[in-house]
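For reference, the structure is listed below as structure tokens.
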Amino acid sequence: FGYIHHNTVGARGDHTARSSLPPVSTTCCGREPVDVVTGHLAFSGGHYKPGKQQKRHLTTAMEANPLGESVLDFSVCLYKQLVVQKGHSGNVFYSPFSISAALSMALAGARANSAKELSTVLQVDDTKIHGHYSSFFSKLASYAEHVKLHVANRMYSEQTFPILENYLSVLRDSYGATIESVDFRNHYENVRQQVNAWVEKSTESKIKDLLPSGSVDALTTLILVNAIYFKGSWMSPFDPDCTHPSDFHLDSKLKKEVDMMYKKKAYKMSTSDELGVAALEIPYRGGKTSMVVLLPNDIEGLSKLEDLLTAPKLTDLLKSLRSGVDVELYLPKFKLEEAISLKKTLQAMGIKEFFSPEADLSAITEKKNLMASEVIHKAFVEVDEKGTEAAAATAVMMVACCLSIAPPVTCKFVVDRPFMFLIRSHDPEVVLFMGSVREL
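First residue of the sequence shown? That's 4 in this note's numbering, and the numbers climb one at a time after it.
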């Protein structure tokens, strides 16, 4: 039995949307269970799969930052698959970084076709990705002065199950992971609670109960956990006295009153006629992280944006952001909570053998009966006048068995309709969280 569980948390707001976490089913095929937990981030037959068109001309920063490129590619592919499965309805929020990190830790133990499927969907070179993560983690200390950005990795392994030392070395050296030897066979419920307590602590209590009751049993053999926590204050906070009731258009017919924040400031902006969208970047204190809001021109333009969006187009939009624009920004306070079972989503994207008895995870153990059974992601974000707080966790469990148009000198950017947003780091440039808001 195996699954990946992901949690995301963000800044405070008054409007909350939740999606319930589907139950995790356990199957037994005579294969040892491994759980991997992480926390903190073209259409064909209804499934979105990365293709050659995803290759793009990269900025100098991205060329020097293969991790940022791969996470952005994976994030767009995953986002498009999620909205297809949701029928372009409801909110979406997740940490592509957390999910990618969890799957990359699993990739370190995969071989042959299992490794090929994982590396293709993650859009990484499986011989280099672990070094890229190591480099990213080594830079996190430089963020401490201005924002909280913490990433933690841990492996929980059954004490009677032999794990290869080379695999443990990759987790320790590249991901800074700590290793816990536990007794799944006799005390699996205690281990589940232990994992949840660690994730809750790592995300400053924003991600709770990552592993739901019944998700861990005596067959569970290994859990890989990645947790990410982010809390950033705006470089220029919104004045609470300027926050006022205002309409948010759910669609062309329905609207809802929300708490709308206001700030007049010079923000970086860009636009794309092709996508029918304007983008605005709101920096956090220190300048090493920011939120980018993608606002469709039309009230019902989010679905068009989702259909047309590709990684190259998103890259073009981001690199076209220009400063010096005096903007009257209206942004709603919001809070989202998402819990997603990702197994079917990842299978639709091309990760299939990993979840089957044919899985080759021979770089984790010499035993031949290891497979992943589920990937679960949980995320939370909250945005208010002070800034943003976000966290996420992902668990993987295994079992036996664009063109830019210069904006006017002064303009209004009124986020009063469904929109997309992302939170990214700048050194290196990596998408940490991504989502869309249709309901408040």
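Where is the CB? At the ideal position from N, CA and C, for every residue including glycine. On a predicted model such as this, the values are computed, not experimentally measured, just so you know.
Top-ranked residue by Cα proximity to Glu2, from Asp242, Lys316, Glu161 and Glu340: Nothing can be reported for residue 2, as the shown portion of the chain is limited to 4 through 443.
Pairwise C-alpha distance: Arg157 and Arg188: 19 Å
Let me know the secondary structure DSSP gives Gly71 once reduced to three states. helix
Quick test of your reading: Met401 and Leu225, contact by CB under 8 Å. State the CB separation rounded to the nearest angstrom. 6 Å
In whole angstroms, what is the alpha-carbon distance linking Leu298 and Lys291? 23 Å
In this structure, what does DSSP give as the bridge partners for Arg325? Met272
Considering only DSSP beta bridges, list what Lys415 is partnered with. Glu331
Is Pro410 helix, strand or coil when you go by DSSP? Caution applies to Pro410, whose pLDDT of 48 falls short of 50 and renders its modelled position unreliable; the value that the coordinates give is listed next. Reduced to three states, the DSSP call for Pro410 is coil.
Which of helix, strand or coil DSSP assigns to Ser141: helix
Three-pair Cβ contact test at 8 Å for the region 316-336 versus the region 385-395: yes
Is Ser273 close to chain C, meaning its C-beta is less than 8 Å from at least one C-beta of that chain? The question asks about chain C, but that chain is absent: this structure has only one protein chain.
Just list the residues that DSSP pairs Ala104 with in beta bridges. In DSSP, Ala104 forms no bridge with anything.
Which whole-angstrom value is the C-beta distance of Val198 and Leu222, which I expect to be below 8 Å? That pair is no contact at about 16 Å.
Pairwise C-alpha distance: His133 and Ile102: 14 Å
Under the three-state DSSP convention, the category His190 falls into: helix
Rounding to the nearest angstrom, what Cα-Cα distance links Ala282 and Leu305 in this structure? 13 Å
Where the alpha helix (DSSP H) containing Asp254 begins and where it ends: No alpha helix (DSSP H) holds Asp254; DSSP gives it neither H nor E.
Mind the definition here: the region 129-145 touches the region 373-383 only if three or more C-beta pairs lie below 8 Å; say whether that holds. no
Quick one: grab the DSSP three-state call for Pro240. coil
Taking all protein chains shown into account, decide if Gln84 is buried (16 or more other Cβ within 10 angstroms of its Cβ) or exposed. buried
Take the Cβ of Leu106 as the centre, count every other Cβ of all protein chains shown within 10 Å, and call the residue buried at 16 or more, exposed below. buried
For a quick check, are the C-beta atoms of Arg427 and Val418 less than 8 Å apart? no
Who are the near neighbours of Thr423 in its chain, counting only those whose CB is closer than 6 Å to its CB and skipping five residues on each side? A small correction: the amino acid at residue 423 is Met; Thr does not occupy that position in the sequence shown. Leu297 and Ser439, listed in sequence order.
According to DSSP, is Glu432 helix, strand or coil? strand
Do the CB positions of Ile302 and Asp242 come within less than 8 Å of each other? no
Short Cβ contact (8 Å threshold) for Leu167 with Ala366: yes
Short check: CB of Ser177 to CB of Ser141, under 8 Å? no
Check whether the Cβ atoms of Lys209 and Ala342 lie closer than 8 Å to each other. no
State buried or exposed for Asn169, treating a residue as buried only when at least 16 other CB atoms are found within 10 Å of its CB. exposed
Whose C-beta lies closer than 8 Å to the C-beta of Lys316 among residues of the same chain, with five residues either side of it excluded? Ser275, Glu277, Leu278 and Cys405
Short of 6 Å in beta carbon distance, which residues of its chain neighbour Val124, apart from the five on each side in sequence? Order them along the chain. Met352, Gly353 and Ile354
Close-in-space but distant-in-sequence residues of the same chain around Lys347 (CB under 7 Å, 5 per side omitted): none
Within 10 angstroms of the Cβ of Gly327, are there 16 or more other Cβ atoms? Answer buried if so, exposed if not. exposed
Could you round the C-beta distance between Ser205 and His153 to whole angstroms and report it? I think they count as a contact, below 8 Å. 7 Å
Looking only at C-alpha atoms, which of Glu192, Leu70, Asn193 and Trp201 sits nearest to Ile182? Trp201
Asp319, DSSP secondary structure in three states: helix
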